[in-house]
Amino acid sequence: MDTHSQIKEICEVPINTALICLVWSDQDIRDQFHKNSDEDFNISRLYSEIINWLNNRHLEKNQNKYKNKTEANDIDEVIEQG
């Protein structure tokens, strides 16, 4: 982390540290960052990855809830049209 002073700076806030650790646990994300040189690194990209990771995790955890809600909405539409 010392190589990226920007990361070191944002890690002063504990929630940022937790988010970075959670996202960094994803091998695909680590691979993407390792492929790029230090010059290509920017905080905006890191935050985008955090948001995408959180969104995907939320959708995975609630997939059945959303699926059932969508099915319920479809049934309501059929009843209204019928």
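Residue 90 in the working numbering sits at position 78 of the sequence shown, and the numbers go up by one each step. Heads up, the beta-carbon is just placed ideally off N, CA and C, and yes, glycines get one too. Remember, predicted model here, so these are calculated numbers, not experimental data.
| Asked | Found |
| --- | --- |
| Cβ neighbour criterion (16 or more within 10 Å) applied to GLU21 | exposed |
| With 16 other Cβ atoms within 10 Å as the buried cut-off, status of LEU34 | exposed |
| Cα-Cα separation, LEU58 to ARG42 | 11 Å |
| Which of helix, strand or coil DSSP assigns to ASP43 | helix |
| Short Cβ contact (8 Å threshold) for ILE62 with GLN18 | no |
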